[in-house]
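See below for the structure under consideration.
2 protein chains.
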Amino acid sequence: MKNFVLRGNLCTSRTKDRLECIPHGYLVCEGGTSAGMFEELPERFADYPIQDWGDCLILPGLVDLHIHAPQYAFRGTGMDRELLEWLNERAFPEEARYKDLEYAAEAYGIFAENMRASATTRACIFATRHREATELLMDLMEGTGLKTMVGKVNMDRNCPEGLREEGEESLAETRRWIREIKGRYERTDPILTPRFIPACSDAVMRGLGEIQRETGLPVQSHLSENEDEAAWVKELCPWAGCYGEAYDRFGMFGESAPGAGPQTVMAHCVWPAEEEAALLKARGVFVAHCPQSNTNLCSGIAPVREYLDAGIRVGLGTDVAAGCGESVFRAMADAVQVSKLRFKLVRGAGRPLTSAEAFFLGTKGGGAFFGKVGSLEAGYAFDVIVADDRNLARPGGLSVEERLERLIYLSGPEHLRAKYVEGREIFVR
Amino acid sequence: MKNFVLRGNLCTSRTKDRLECIPHGYLVCEGGTSAGMFEELPERFADYPIQDWGDCLILPGLVDLHIHAPQYAFRGTGMDRELLEWLNERAFPEEARYKDLEYAAEAYGIFAENMRASATTRACIFATRHREATELLMDLMEGTGLKTMVGKVNMDRNCPEGLREEGEESLAETRRWIREIKGRYERTDPILTPRFIPACSDAVMRGLGEIQRETGLPVQSHLSENEDEAAWVKELCPWAGCYGEAYDRFGMFGESAPGAGPQTVMAHCVWPAEEEAALLKARGVFVAHCPQSNTNLCSGIAPVREYLDAGIRVGLGTDVAAGCGESVFRAMADAVQVSKLRFKLVRGAGRPLTSAEAFFLGTKGGGAFFGKVGSLEAGYAFDVIVADDRNLARPGGLSVEERLERLIYLSGPEHLRAKYVEGREIFVR
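If you read the protein sequences in the order shown, they are chains V and P.
Throughout, my numbering is defined as the position within the first sequence, counted from one, plus 339.
Throughout, my numbering is defined as the position within the second sequence, counted from one, plus 339.
Structural data, given as structure tokens:
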């Protein structure tokens, strides 16, 4: 692994409230890890080659805690629906097509290439229930150079014929999947992926809990996205005090003790029961806040301010295709915007998020799910993007902080000049 | 004026609920006006040159009913504020700089070029209170080829020293402005622009009302954007039953009788008093719905469904820089999205807007403020954009309607291939 230095306007989150910016600073990569941000380059790095990015912004790579690869093909269409209707009419029929490996190769090929070209360096990805297509997706993601977790989905009830696996088969296929990919990838890890409680019988959840304990794998799923869905879970699991408990009962909800694993990320958490927030906190579960998805499917607005105040771990998800695209910058802007509408329209809602907080969520906040990830600070994985905002012309200058805020609101694919993951160059253009 | 034919996938709003799409159809331009949409080219147009746009989408040009040119320079920054704070800390200090014509030339030059390159063909534009800079902006907008209405702003109270004109001076400068530009432009018209009631004394409003009656000019302003602002107007104009009446009293609120003029467009209308909706309807006032601005400034969500059901005229505004950019496609997506949150979070709110309705608002709905504008149908001004969405790759095809929806959510500057205004080519690339 090469050592090198990037020069440019550095900007990273120290804490959720505090940005650190170094105009025309130096960022040092040693063995795939940041050796720190500097105003002047320390003598000890004087031999490292320097890439000077001029007036560009140098930022941590963005982290997407929730995205559905098989829904990417219909992004931006079919939006005039709510969650359960949308699942049945749009998401499920499309996902059923991934039984066909030829289709999967084409569609996942587009997804992987667009993820490579995006500002995202880390992602938690849902595949479908199809083992072979999931392995194909993992092959493709490995090829992008990104670090991702990819899940073969489990679903054995309340879903169409073509997507349902019988419980036994679902578990057997999951075991086979984990066995087959063992040692195959450097950058692509499996993650256990029960779709959501309504689509998973107790038997499948129990079996997945066993697999989790055997393998130590992390877990991703959906939680309290929509009021109707939450009411449905109450019917399906009358024994659970809250939706989160329906996962927890099977050992699929965060850490049984602090530091014990598994790490769990739950998308949405828009309508937490009172005891659910406490359980999220107690189990160290990550919330993948998906503001645009929650808007598009009329789900509502998650109480992110309250989660942050309670010390619950939060990151951002684009949730394609309920979110229309893979931009985590857009997810940051969406997070600020919906928090303002919640503040204005929901009695007792906490104050809106700031752009600095949204940037934290999309970098260091979500990055923690992957370890020391999501910051330019020393000791963090060298996941970095370089953004050139010159085409956002204006008279006079802006501070680095202001340029970051503007990028959150106005970034497009044309602004990205380079991306590195653990010090490895993904593209430079 | 040349006659010609465009071939491609035509899509336009017939009514607010109904799209008309003709795959691989023909759109005929005669003398700057549409001569119709056709599946097969009628014999009588056989001699006209045909530009074949292949699989591109051919759509009406987009209409922006509310944008502040002098705020364009700080778009995407300073968002963590509410309206009155944002005006005092961001908007007013920036606008004060337009006294300096050199600054104005640079900043308005960027604005005009980006408007030219956008999907917008018509716009209602606020300048500042500075007559000379306003004329400069009009010169620049004329050069873009777009058809716009541009307003020298009037403001004589509750605003910083550098922006305030004394009432007499404000009116004299307005008269001088109208006199100086008379006959100067083909495509750029003046529009009377009292900033908003809190910034305009009764004397200025009375004087503007007189100018309106003498000149017949249209009017643009702001209405019921923010609850604090609406309460302030109640204090300032205790004699007005509602905020709209404070304009109406001076003859600055729509048509005194149907068809009598002036045409008025009021931005926002988020918090209408009960009698205000009736007055909007009675006076034929256009509502410029600015969903992103209303979100960014924590103003709220305008009751657009209720306005449409009541037969009130509605179009879209980007409201740069309270909205972060000039894309009216984005304003369409924002309009759908905030309507969903309103539906979900506000008791008694009407059902969400559909993407077809949002497209109507951003084309034919707002276009009506300019006359027969905003449609591809025969008799409408030939304001047309051509969009190439090939880079939104996916396996298999989509209908024209689905591609339109996707463009609303995912369009970027790279998708625009051509723009025509009244049959005149603005760019082809």
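Even for Gly, the Cβ is constructed at its ideal location relative to N, Cα and C.
Simplified DSSP assignment, three categories, for residue i
i               : result
L423 of chain P : helix
A757 of chain V : strand
R383 of chain P : helix
P409 of chain V : helix
D528 of chain V : strand
D403 of chain P : strand
K703 of chain V : helix
V712 of chain P : coil
F589 of chain P : coil
T603 of chain V : strand
I536 of chain P : helix
R414 of chain P : coil
Y582 of chain P : helix
R622 of chain P : coil
V725 of chain V : strand
R745 of chain V : helix
K355 of chain V : coil
A596 of chain V : coil
A627 of chain P : strand
T560 of chain P : Looking at the sequence itself, residue 560 of chain P is Ser, so the reference to Thr does not match. Strand.
A569 of chain P : helix
Under 8 Å by beta carbon: chain P residues contacting residue i
i               : result
A570 of chain V : The contacting residues do not exist; A570 of chain V stays about 15 Å from chain P at best.
P529 of chain V : Neighbours of P529 of chain V on chain P: none; closest Cβ ~25 Å, over 8 Å.
L442 of chain V : Checking the sequence, you will find Tyr at residue 442 of chain V rather than Leu. Ordered by position in chain P, the residues that pass the 8 Å Cβ test against Y442 of chain V are P734.
Residue range of the unbroken alpha helix (DSSP H) whose run includes residue i
i               : result
R681 of chain P : 667-684
Y442 of chain P : 440-456
P432 of chain V : 431-435
W516 of chain V : 506-520
R644 of chain P : 643-648
W392 of chain V : Taken as a continuous stretch (DSSP letters only), W392 of chain V belongs to no alpha helix (DSSP H), being part of the beta strand (DSSP E) at 389-399.
P778 of chain V : Given that chain V is displayed from residue 340 to residue 768, the structure contains no residue 778 of chain V and the question cannot be resolved.
I550 of chain V : 541-554
Y365 of chain P : Per DSSP, Y365 of chain P belongs to no alpha helix (DSSP H); it is in the beta strand (DSSP E), 358-369.
Assumed close pair residue i, residue j - CB separation to whole angstroms, cut-off 8 Å
i               : j               : result
S694 of chain V : D419 of chain P : 6 Å
C350 of chain V : C360 of chain V : 5 Å
V626 of chain V : R588 of chain V : V626 of chain V to R588 of chain V, Cβ: 20 Å. No contact.
E741 of chain P : T416 of chain V : 5 Å
G347 of chain V : L396 of chain V : 7 Å
Amino acids of chain P, ordered along the chain, whose beta-carbon sits closer than 7 Å to that of residue i
i               : result
S352 of chain V : What S352 of chain V touches in chain P: nothing, since even the nearest Cβ is about 15 Å away.
Q676 of chain V : T634, N635
Interface partners of residue i on chain V, CB under 9 Å
i               : result
V739 of chain P : Chain V residues near V739 of chain P: none, gap ~12 Å exceeds 9 Å.
Span of the beta strand (DSSP E), counted from its first residue to its last, around residue i
i               : result
F465 of chain V : 459-465
R496 of chain P : No beta strand (DSSP E) contains R496 of chain P, which DSSP labels as neither H nor E.
T372 of chain P : 372-377
E564 of chain P : No beta strand (DSSP E) contains E564 of chain P, which DSSP labels as neither H nor E.
E764 of chain V : 763-767
T351 of chain P : 343-352
L475 of chain V : Careful: L475 of chain V lies outside any beta strand (DSSP E), inside the alpha helix (DSSP H) at 470-483.
R769 of chain P : In the structure as shown, chain P starts at 340 and stops at 768, and residue 769 of chain P therefore has no counterpart that could be examined.
Beta-carbon proximity of residue i to residue j, cut-off 9 Å
i               : j               : result
P529 of chain V : I536 of chain V : no
V489 of chain P : T460 of chain P : no
M686 of chain P : P642 of chain P : Residue 686 of chain P is actually Arg in this sequence, not Met. Contact flag unset, no.
I550 of chain P : R514 of chain P : yes
L618 of chain V : G654 of chain V : no
K491 of chain V : H469 of chain V : yes
R756 of chain V : R690 of chain V : no
L444 of chain V : L475 of chain V : Residue identity differs from the one stated: residue 444 of chain V is Ala in this sequence, not Leu. Their beta carbons are under 9 Å apart, which means A444 of chain V touches L475 of chain V by this criterion.
G705 of chain P : D403 of chain P : yes
T634 of chain V : V677 of chain V : yes
Beta-carbon neighbours of residue i, restricted to chain V and to distances below 8 Å
i               : result
F682 of chain P : C637
R503 of chain P : Residues of chain V passing the Cβ test: none, with the nearest at roughly 23 Å.
P691 of chain P : D419, C637
V685 of chain P : L684
Per-residue contacts from residue i into chain P (C-beta, under 9 Å)
i               : result
R749 of chain V : Correcting the residue identity first, residue 749 of chain V is Leu in this sequence and not Arg. Result: R414, G415, C663, G664.
R745 of chain V : F413, R414, G415, T416, C663
I640 of chain V : L680, K683, L684
Under 7 Å by beta carbon: chain V residues contacting residue i
i               : result
S694 of chain P : M418, D419
E445 of chain P : P734
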